[in-house]
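K.L.:
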Amino acid sequence: MDGYQTRIRYFDGHSRDALIREHEVPFPDGRLIVSRTDTCGIITHCNQAFVEMSGYPERELIGQPHSILRHPDMPRAAFQDLWETVQAGRKWHGHVKNLRKDGSCYWVLATVIPNVRHGRIAGYTSVRRKPARSRIHESIALYARLREAENP
Amino acid sequence: MTLQMTVSPDFPPAYIAGWYIFNTWLQRQSGLPIHLTLYDSFAAQRAVLAQGGIDLIYANPYDAAFLVRECGFVTLAAPCNRADEVVLAGTQTGPVNTIEDLAAGTVIARTDDPDVNLMGMMLLEPAALHAGNTTAITVDSYPLVAKQLLQGHAGIGFFLEEAFDSLSALVRGQLRELVRSRISVIRHVLLAGPGVRAQQVEHLTTLLLAMDQDDRGQAVLESMNLSGWEAHSQEDTEFMIDLMDTLDTQVLPG
Ligand SMILES: Cc1cc2nc3c(=O)[nH]c(=O)nc-3n(C[C@H](O)[C@H](O)[C@H](O)COP(=O)(O)O)c2cc1C
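One line per chain: the protein sequences are A and B, in this order.
The first sequence runs contiguously to residue 1300 in the working numbering.
The second sequence runs contiguously to residue 614 in the working numbering.
1. Does residue 539 of chain B come within less than 8 Å of chain A when only Cβ atoms are used?
2. May I ask which residues mark the beginning and end of the beta strand (DSSP E) holding residue 1241 of chain A?
3. Given 7 Å as the limit, tell me if residue 1291 of chain A has its C-beta closer than that to any heavy atom belonging to ligand 1.
4. Establish whether the CB of residue 486 of chain B and some CB of chain A are separated by less than 8 Å.
5. Hey, which unbroken runs of the alpha helix (DSSP H) at 4 residues or more fall wholly within the region 549-579 of chain B?
6. When you measure from the CB of residue 1203 of chain A to every non-hydrogen atom of ligand 1, does any distance come out below 7 Å?
7. Are any of the Cβ atoms in chain B nearer than 8 Å to that of residue 1241 of chain A?
8. For the beta strand (DSSP E) that residue 368 of chain B lies in, which residues bound it at each end?
9. Answer with buried or exposed for residue 1170 of chain A, where buried requires no fewer than 16 other C-beta atoms within 10 angstroms of its C-beta.
10. Can you tell me the Cα-Cα spacing of residue 1194 of chain A and residue 1261 of chain A, whole angstroms?
11. Anyone know if the C-beta pair for residue 541 of chain B and residue 446 of chain B falls short of 8 Å?
12. Quick check on residue 1183 of chain A: buried or exposed, where buried means 16 or more other Cβ atoms within 10 Å of its Cβ?
13. Buried or exposed for residue 383 of chain B, going by 16 or more other Cβ atoms inside 10 Å?
14. Our contact map puts residue 601 of chain B next to residue 429 of chain B with C-beta atoms below 8 Å; I'd like the distance itself, whole angstroms only.
15. Check whether the Cβ of residue 1164 of chain A lies closer than 7 Å to any heavy atom of ligand 1, and answer yes or no.
16. Measure the alpha-carbon distance for residue 614 of chain B versus residue 1291 of chain A and round it to whole angstroms.
17. For residue 1152 of chain A, is the classification buried or exposed, using 16 other Cβ atoms within 10 angstroms of its Cβ as the cut-off for buried?
18. Output needed in chain order: residues of the region 1254-1266 of chain A with a Cβ under 8 Å from some Cβ in chain B.
19. Taking its Cβ as the centre, do 16 or more other Cβ atoms sit within 10 Å of residue 530 of chain B, making it buried, or is it exposed?
20. Cβ of residue 482 of chain B less than 8 Å from any chain A Cβ?
21. Counting only beta-carbon separations shorter than 8 Å, does residue 1180 of chain A have a partner in chain B?
22. Check whether chain B comes within 8 Å of residue 1221 of chain A, counting only Cβ atoms and requiring the distance to be less than that.
23. May I ask you to check if the CB of residue 1322 of chain A is nearer than 7 Å to at least one heavy atom of ligand 1?
24. Please decide whether residue 462 of chain B counts as near chain A, where near means a Cβ-Cβ distance under 8 Å.
25. Less than 7 Å separating the Cβ of residue 1252 of chain A from some heavy atom of ligand 1?
26. So, residue 583 of chain B versus residue 381 of chain B, is the Cβ gap smaller than 8 Å?
27. Could you name the residues of the same chain whose beta carbon sits closer than 7 Å to that of residue 1213 of chain A, not counting the 5 residues immediately before and after it, in chain order?
28. Looking at residue 1215 of chain A and ligand 1, is the gap between the Cβ and the nearest heavy atom below 7 Å?
29. Can you list, in chain order, the residues of the region 583-599 of chain B whose Cβ is nearer than 9 Å to any Cβ on chain A?
30. Which of the three DSSP states is assigned to residue 395 of chain B in this structure?
31. Could you name the residues that DSSP lists as bridge partners for residue 430 of chain B?
32. Could you check whether the Cβ of residue 466 of chain B sits closer than 8 Å to any Cβ belonging to chain A?
33. Roughly how many angstroms separate the alpha carbons of residue 397 of chain B and residue 403 of chain B, rounded to a whole number?
34. Leaving out the 5 sequence neighbours to the left and right, which residues in its chain are closer than 7 Å to residue 1156 of chain A when beta-carbon positions are compared?
35. Three-state secondary structure (DSSP) at residue 526 of chain B?
36. Could you name the residues of chain A that residue 342 of chain B contacts, counting a contact when the two beta carbons are closer than 9 Å?
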């Protein structure tokens, strides 16, 4: 099989080994990939498109941190911005490259919003849609620069 | 106090009589006086909603967002197995085979149906299209959307799935379906306004959920082209609103 083995390091210091492959799985037309988390980013719900695209069965997703999909090509700054924005009660959107269980990837245009219930943030919802190819190319270049700045 | 009921104007005209029959059924079953008024546009209906003149509404999901978040409406039920989905289509003779073939300057034919337009614009994003680089022609019905396409006035049309599937075979045969949404959670909901007492909300919900269980109720549902009502919790509605809120984000080139 093509690809390489790498160690993904998370914000909280833990890490895991993962297989990374070049193959990109296309976003399914007409669908939305939806998940919800608690206030700490632990997955509480996901839809069928999420299960199909991530390659994990639902039981391996619920209760896991959302960083289970983290791709090593994503810069830390993107997620830092995501968390700062939604914790302040605002909507965040951005292009995200996600890692599938089999090591291949998929690009999404994600919008994350805080679920405000009775005036308080009860959790977060992320809805992903199909991005424009041109915007993916812009993101690849931008994220490469950001990663370089993070790991000089 | 008579409860004022209304129905989202995007309901297929063929079933309007069914809503009057439903009004009579609900009134008899609940013992509450209920009066049905239909409006022929979203604008006319919103003007009455803004004055607090509506107690019960079969609401378009887009309007439901405003009614639940800003006006204190609560959810009674949702129609069974019926999500709002959209079809985006061009013409068989046109140059467009996939959404990605569309270019800046594309003219969109559509109705004023707010949730269809929201989903439609979202489905144009893979072509990097947005409100700023497209123009829209708004017409009164889905057959007129098809007409705009066939007359060459527009490059893409937004249809409610049901309306697309019920176009005549002759018209459909000349259209090219480019994408069909499978979102599942965006749906019309039956809501009660703040003037309806909690006890009445509970009573009405109980009646609706059991409506498909007797012959009379089933006949009424059939006349509205519905198969029944199912529970849709307030949290289900809140989730649907959150989801539509994410689709409302215009993502412009950075
Ligand atoms: C609702 C929600 C959805 C998220 N979706 C993703 C996702 O699809 N992919 C991803 O890598 N991170 C996602 N995140 C961010 C992760 O929580 C995490 O910050 C990120 O994967 C980076 O991991 P780290 O912070 O542990 O380094 C999401 C966060 C929230 C609140």
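We put the beta carbon where it would ideally sit given N, CA and C, even for glycine.
P.N.:
Inspection of the coordinates gives the following:
1. By 1-based counting over the second sequence, the position of residue 539 of chain B is 179. Interface residue, yes.
2. Counting from one through the first sequence, the residue named residue 1241 of chain A turns up at place 93. 1240-1247 is the span of the beta strand (DSSP E), which, as asked, contains residue 1241 of chain A.
3. If you number the first sequence from 1, residue 1291 of chain A lands on position 143. Checking the Cβ of residue 1291 of chain A against ligand 1 gives no.
4. Translated into the one-based positions of the second sequence, residue 486 of chain B becomes position 126. Output row for residue 486 of chain B: interface = yes.
5. 558-569
6. To locate residue 1203 of chain A, count along the first sequence from 1; it is residue 55. Result no, Cβ not under 7 Å from ligand 1.
7. On the first sequence, residue 1241 of chain A is found 93 positions in, with the first residue counted as 1. Taking Cβ atoms only, chain B reaches closer than 8 Å to residue 1241 of chain A, which makes this a yes.
8. Within the second sequence, numbered from 1, the residue matching residue 368 of chain B stands at position 8. Per DSSP, residue 368 of chain B belongs to no beta strand (DSSP E) and is neither H nor E.
9. Counting from 1 along the first sequence, the entry for residue 1170 of chain A is found at position 22. So residue 1170 of chain A ends up on the exposed side.
10. Position 46 of the first sequence, counting from 1, holds the residue named residue 1194 of chain A. Position 113 of the first sequence, counting from 1, holds the residue named residue 1261 of chain A. One C-alpha to the other measures close to 15 Å.
11. As a first step, residue 541 of chain B is located in the second sequence; it is residue number 181 there, counting from the start. As a first step, residue 446 of chain B is located in the second sequence; it is residue number 86 there, counting from the start. It is a contact, given that the beta carbons lie within the stated cut-off.
12. Start at 1 with the first residue of the first sequence, and residue 1183 of chain A comes out as number 35. When all chains shown are included, residue 1183 of chain A counts as buried.
13. Here the question's residue 383 of chain B lines up with position 23 in the second sequence. Classification of residue 383 of chain B: buried, given that the 10 Å Cβ count is 16 or more.
14. Sequence index remark: in the second sequence, residue 601 of chain B carries index 241 (1-based). Sequence index remark: in the second sequence, residue 429 of chain B carries index 69 (1-based). Yes, residue 601 of chain B and residue 429 of chain B are in contact; Cβ-Cβ is about 6 Å, under 8 Å.
15. As a working mapping, residue 1164 of chain A is identified with position 16 in the first sequence. Outside the cutoff, so no.
16. Here residue 614 of chain B refers to the residue found at position 254 when the second sequence is read from its first residue. Here residue 1291 of chain A refers to the residue found at position 143 when the first sequence is read from its first residue. For residue 614 of chain B, the predicted structure reports a pLDDT of 43, less than 50, and the residue's modelled location is therefore unreliable. The matter cannot be settled from this model.
17. The count along the first sequence starts at 1 and reaches residue 1152 of chain A at position 4. Burial call: exposed.
18. 1257, 1259, 1260, 1261, 1263, 1265
19. Walking along the second sequence from the start, residue 530 of chain B turns up at place 170. Answer is exposed; the Cβ neighbour count stays below 16.
20. Sequence index remark: in the second sequence, residue 482 of chain B carries index 122 (1-based). Yes - at least one Cβ of chain A is within 8 Å of the one on residue 482 of chain B.
21. Here residue 1180 of chain A refers to the residue found at position 32 of the first sequence. With 8 Å as the cut-off, residue 1180 of chain A counts as an interface residue toward chain B.
22. Walking along the first sequence from the start, residue 1221 of chain A turns up at place 73. No, because no Cβ of chain B sits closer than 8 Å to the Cβ of residue 1221 of chain A.
23. A question about residue 1322 of chain A goes unanswered here, because the residues of chain A that appear run from 1149 up to 1300.
24. Locating residue 462 of chain B in the second sequence gives position 102, where the first residue counts as 1. Closer than 8 Å: no.
25. In the first sequence, counting from the first residue as 1, residue 1252 of chain A sits at position 104. No, Cβ of residue 1252 of chain A sits at least 7 Å from all heavy atoms of ligand 1.
26. One-based indexing of the second sequence puts residue 583 of chain B at position 223. One-based indexing of the second sequence puts residue 381 of chain B at position 21. Contact flag set, yes.
27. Taking the first sequence and counting its residues from 1, the one referred to as residue 1213 of chain A is at position 65. The answer, listed in chain order, is 1189, 1190.
28. The residue given as residue 1215 of chain A occupies position 67 in the first sequence. It does: the Cβ of residue 1215 of chain A is within 7 Å (strictly closer) of some heavy atom of ligand 1.
29. 595, 598, 599
30. Indexing the second sequence from 1 puts residue 395 of chain B at position 35. If DSSP states are grouped into helix, strand and coil, residue 395 of chain B belongs with the strands.
31. Residue numbering aside, residue 430 of chain B sits at position 70 when the second sequence is read from its first letter. In the DSSP output, where bridge partners are listed per residue, residue 430 of chain B has none listed.
32. Translated into the one-based positions of the second sequence, residue 466 of chain B becomes position 106. Not closer than 8 Å to any Cβ of chain A, the Cβ of residue 466 of chain B fails to qualify, so no.
33. For the purposes of this step, residue 397 of chain B is taken as the residue at position 37 of the second sequence. For the purposes of this step, residue 403 of chain B is taken as the residue at position 43 of the second sequence. Spanning the two alpha carbons is a distance of roughly 14 Å.
34. Within the first sequence, residue 1156 of chain A is the residue found at index 8, counting from 1. 1163, 1164, 1166, 1218, 1220, listed in sequence order.
35. The sequence position of residue 526 of chain B within the second sequence is 166, counting from 1. Three-state DSSP puts residue 526 of chain B in coil, outside helix and strand.
36. Outside the displayed range of chain B (361 to 614) lies residue 342 of chain B, so it cannot be described from this structure.
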